[in-house]
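Shown next, in structure tokens, is the structure this report addresses.
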Ligand code: AHR
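In my numbering, the protein residues as written are 72 to 404.
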């Protein structure tokens with residue numbers, strides 16, 4: 072009613088101001104990829120806040136989400152948070168302001184989400200967590216979590232090492248490249264691995280530091296490890312990319328990866344699988360990034376008000392060098 076009483080000039084000024092404010096706030100969120108605003112037609116509008124583009128896994132995950140949205144006829148608003156929590160919070164607030172139908176996001180770290188999730192809940196917008204979990208005590212703040220069991224991935228990695236170190240004599244010195252500090256995969260993989268190797272007291276983690284899930288981070292931290300520790304027997308990297316970065320540091324130090332230093336990683340993206348098939352890695356626990364189709368199904372369901380399970384786990388496997396050789400030709404990402 073108030074709008075109808077406005078003369079044309081003030082209405083134009085208000086519209087222009089709103090457009091400027093919206094453009095400013097979207098631009099402040101990092102790399103946004105926004106289509107037409109929601110509500111134009113019957114399409115479900117999904118606002119998705121992605122962690123970043125830190126790894127091959129993440130690129131495959133982003134592609135899976137974009138392709139699946141197009142296939143499912145869902146309008147996707149996509150924001151790359153460049154691994155910053157504040158960017159994700161801004162993106163989610165934008166999606167609330169734009170009144171999207173569903174919000175999906177992969178939280179860069181586990182803590183600090185309650186306020187913004189409550190804002191989404193109060194606005195009546197269902198939230199789906201994908202890939203990484205949050206530590207909110209109030210589970211009603213989101214509808215479901217779709218992703219991997221990261222503790223299991225760490226445990227499977229540790230169990231392979233226990234099995235393959237049986238004949239070793241003396242201490243087995245392990246260095247660990249952790250993922251992003253405070254992230255669910257870094258916390259959980261560390262925990263699962265530590266629990267598994269506790270079965271054999273000669274397996275000792277002598278250094279553990281974050282390489283932020285990137286190749287550059289993996290290389291840089293591995294260089295430090297190699298300088299500080301003359302005897303490194305095993306590298307456990309929380310993802311392929313850090314392991315691939317570490318390969319460069321190991322080779323530059325005159326050591327042979329996969330032989331002088333046993334390398335265990337997580338993900339099983341193509342480059343990681345190639346390194347495993349080439350004998351440079353020794354074992355990979357898979358973490359599947361292909362979450363797009365399931366996310367779209369869930370978005371349709373929660374939008375329709377249907378009940379969904381609180382946790383949906385991705386099916387995953389593990390690879391030895393021989394298994395990687397066999398699987399590589401069909402590897403999609
Ligand atoms: O959250 C999944 C992890 O994030 C992947 O293992 C890693 O490669 C990515 O950056």
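C-beta: ideal position from N, C-alpha, C; glycine also.
Between which two residues does the alpha helix (DSSP H) harbouring residue 260 extend? 255-268
Mind checking who residue 328 pairs with in its DSSP beta bridge? 332
Residue 304 beta carbon less than 8 Å from that of residue 126: no
Length at least 4, wholly inside the region 121-177: the alpha helix (DSSP H) runs in chain order: 127-143, 156-168
Can you check which of these residues, 197, 364, 154, is closest to residue 142 by C-alpha distance? 364
Shorter than 8 Å from the beta carbon of residue 161 to some beta carbon of chain D? Of the protein chains in the structure, only one exists, and it is not chain D.
Can the beta-carbon of residue 380 be found closer than 8 Å to that of residue 309? no
Whether or not the region 218-230 and the region 374-391 are in contact is what I'm after, with contact meaning three or more pairs of Cβ atoms, one per stretch, closer than 8 Å; do they touch? yes
Just to confirm my understanding: we take residue 371, look at its own chain, exclude 5 residues before and 5 after, and list those with CB closer than 8 Å. What are they? 115, 143, 145
Check whether the region 336-346 and the region 118-125 are in contact - that is, three or more C-beta pairs closer than 8 Å. no
Distance, Cα to Cα, residue 184 vs residue 284? 21 Å
Please state whether DSSP places residue 408 in a helix, a strand or coil. As shown, the chain starts at 72 and ends at 404. That puts residue 408 outside it, with no answer to give.
Measure the CB-CB distance between residue 40 and residue 244 and report whether it falls below 8 Å. Residue 40 is absent from the model: the chain starts at 72 and stops at 404.
Please check the pair residue 174 and residue 166, which I expect to be a contact at CB under 8 Å, by giving their CB distance rounded to whole angstroms. 5 Å
State the start and end residues of the unbroken beta strand (DSSP E) segment that holds residue 321. Residue 321 -> not in any beta strand (DSSP E); alpha helix (DSSP H) instead, spanning 311-323.
Looking at the secondary structure, which residues open and close the beta strand (DSSP E) in which residue 243 lies? 243-249
For residue 253 versus residue 282, is the C-beta distance shorter than 8 Å? no
Have a look at 287, 332, 280, 232 and flag the residue whose alpha-carbon is nearest the alpha-carbon of residue 273. 232
Compute every distance between the C-beta of residue 310 and the non-hydrogen atoms of the ligand AHR, then say whether any falls below 7 Å. yes
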